[in-house]
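Encoded as structure tokens, the structure appears first; notes follow it.
Residue numbers (this note's numbering): 5 to 450.
Now the structure itself:
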């Protein structure tokens, strides 16, 4: 899971990409998908793929978005709402960024969370929505609030350092909110990287921390290379397995360049589980290589896939190299859960919109590297690499080669031009219900 902007897309400079006038419509989900297709309509349509930051007032220059694209996630559609009939669409409503942020902060403070921690979580979620990663934005709010109300997450927890060297640290998140733990750890890694060249911090006792790219972006803002990983509830079926035993286990790697940086934020599963939900709500079959049935066979039935909860690894089946995604997912669990002494694999509890009754105890890792400790001129060479990639002849002239993070920057710019973020009616209904439950001011529309 992060964001900030100074959106001057090189592709837009070249006139290769037309700027959409707003966000995304109800089509897909984060991390590893296909690309969102933008139009000049009020909200681009999506068939896309798949990372976070502060509200527009805090957007940082030189940073880039996460992942290769923007997508339309399942969070636009409340999981507690009635399933839509195939082909049914709902008209999005525009909400000012600061109003969305205000609403999130109010929700957290009403759910046993101090203002400082509420702000940290709101900044994380609003950044995801600005980037087009709605599955990890407002859509996650209800889940976090339910965890807080059930006391399965401690909104007041302050992480503490258990063990430390000049370059490393082991942290206990004490069951705190993901952004609180993540920000603490990446700040510590950044300090160490500035002092000794590298900072490696792992944490146990954490919770869902949003888009991994949010933390990599924090390092990029300081001129550092940033890496972040987390394990999650089991959703991936390892190659040759009938059962899920690893999470979506995302990896984010960010590096600063002279203008826009590089930021890859990807799950190690073929798709995020929200994409399955989207297809289910649309009543459309799944593409091949996304999920499997209870017998371990590939399925294109979204209902069966949703019920089974077994995503294929990145790469799909064994014959299409899915074992590579399985291996990457296991690496994330080793470097986060196993190394930090946190839960891992099937030891991690399941998590739903209703919240959880037990602690997650997720493991996470945050790494910062100072490129100045190596060959001089890193940012210039990375800029040259970007130029070489941008200069490649595209298979479709209308779809130029992009750098990881460009799609997110395009979404940020679209939100700024529109004056706010578009949420679908089902998401807004969920927010209205939250406001009533928590007895706070409902979200206002533009």
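In this text, a Cβ means the ideal position worked out from N, Cα and C, and glycines have one as well.
Being a predicted model, the structure only gives us computed values, none of them experimental.
{"Check": "Considering just the uninterrupted stretch of the beta strand (DSSP E) at residue 206, what are its terminal residues?", "Outcome": "202 to 210"}
{"Check": "State the Cα-Cα distance for the pair residue 347 and residue 130, rounded to the nearest angstrom.", "Outcome": "28 Å"}
{"Check": "Suppose you measure from the CA of residue 307 to the CA of residue 249; what does that come to, to the nearest Å?", "Outcome": "21 Å"}
{"Check": "Excluding the 5 residues flanking residue 342 on each side, which residues of the same chain have their C-beta closer than 8 Å to its C-beta?", "Outcome": "348 and 367"}
{"Check": "Please identify the residue among 402, 426, 433 and 371 whose C-alpha is closest to the C-alpha of residue 234.", "Outcome": "371"}
{"Check": "Do you know offhand how far residue 395's Cα is from residue 132's?", "Outcome": "29 Å"}
{"Check": "Under DSSP, the beta strand (DSSP E) around residue 167 begins and ends at which residues?", "Outcome": "164 to 168"}
{"Check": "Pull up the distance between the alpha-carbon of residue 359 and that of residue 149, whole angstroms please.", "Outcome": "8 Å"}
{"Check": "Per the DSSP calculation, residue 264 is bridged to which residue(s)?", "Outcome": "Bridge partners of residue 264: none, in fact."}
{"Check": "Work out the CA separation of residue 118 and residue 383 for me, nearest whole Å.", "Outcome": "39 Å"}
{"Check": "Check each candidate in 134, 164, 106 and 231 and name the one with the smallest Cα separation from residue 416.", "Outcome": "134"}
{"Check": "Whose C-beta lies closer than 7 Å to the C-beta of residue 122 among residues of the same chain, with five residues either side of it excluded?", "Outcome": "109, 112 and 113"}
{"Check": "Applying the criterion that 16 or more other CB atoms from any shown protein chain within 10 Å of the CB defines a buried residue, is residue 255 buried or exposed?", "Outcome": "buried"}
{"Check": "Please confirm if the segment 206 to 215 is in contact with the segment 184 to 194, defined as three or more CB-CB distances below 8 Å between the two stretches.", "Outcome": "yes"}
{"Check": "Where does residue 346 sit, in a helix, a strand or coil, going by DSSP?", "Outcome": "coil"}
{"Check": "Looking at C-alpha atoms only, which residue of 105, 434, 137 and 215 is the closest neighbour of residue 414?", "Outcome": "137"}
{"Check": "Under 8 Å, with one C-beta from each stretch per pair, do the segment 238 to 248 and the segment 188 to 205 reach the 3-pair mark?", "Outcome": "no"}
{"Check": "Below 8 Å, how does it come out for the segment 153 to 162 and the segment 328 to 339: are there three or more Cβ pairs, yes or no?", "Outcome": "no"}
{"Check": "Tell whether a beta-carbon distance below 8 Å holds between residue 232 and residue 216.", "Outcome": "yes"}
{"Check": "What is the rounded straight-line gap between the Cα of residue 532 and the Cα of residue 203?", "Outcome": "Because the chain here runs from 5 to 450, residue 532 falls outside it and cannot be looked at."}
{"Check": "Could you give the distance in angstroms between the alpha-carbon of residue 444 and the alpha-carbon of residue 228?", "Outcome": "40 Å"}
{"Check": "Output needed for residue 312: all residues of its chain with C-beta closer than 8 Å, excluding positions within five of it in sequence on either side, in chain order.", "Outcome": "295, 296, 297, 298 and 303"}
{"Check": "According to DSSP, is residue 444 helix, strand or coil?", "Outcome": "coil"}
{"Check": "Spatial neighbours of residue 192 within its chain, please: C-beta separation below 6 Å, excluding the five flanking residues on both sides.", "Outcome": "173 and 205"}
{"Check": "What does the alpha-carbon distance come out to for the pair residue 125 and residue 403?", "Outcome": "35 Å"}
{"Check": "Taking Cβ positions, are residue 320 and residue 326 nearer each other than 8 Å?", "Outcome": "yes"}
{"Check": "Within 10 angstroms of the Cβ of residue 447, are there 16 or more other Cβ atoms? Answer buried if so, exposed if not.", "Outcome": "buried"}
{"Check": "Can you name, in chain order, every residue of its own chain whose Cβ lies under 6 Å from the Cβ of residue 190, other than the five neighbours on each side?", "Outcome": "219, 222 and 370"}
{"Check": "What residue range is occupied by the uninterrupted alpha helix (DSSP H) comprising residue 151?", "Outcome": "142 to 153"}
{"Check": "Can you give me the C-alpha to C-alpha distance between residue 144 and residue 431, rounded to a whole angstrom?", "Outcome": "10 Å"}
{"Check": "Let me check understanding here. Comparing Cα to Cα, which of 406, 442, 99 and 345 lies closest to residue 268?", "Outcome": "406"}
{"Check": "Using a threshold of 7 Å, is the CB atom of residue 148 nearer than that to any non-hydrogen atom of the ligand ATP?", "Outcome": "In terms of ligand content, the structure shown is empty, and the ligand ATP therefore cannot be addressed."}
{"Check": "Mind checking who residue 97 pairs with in its DSSP beta bridge?", "Outcome": "427"}
{"Check": "Determine the DSSP secondary structure at residue 112, reduced to helix, strand or coil.", "Outcome": "helix"}
{"Check": "Residue 220 lies in the alpha helix (DSSP H); which residues open and close that run?", "Outcome": "217 to 225"}
{"Check": "From residue 322 to residue 257, what distance separates their C-alpha atoms?", "Outcome": "26 Å"}
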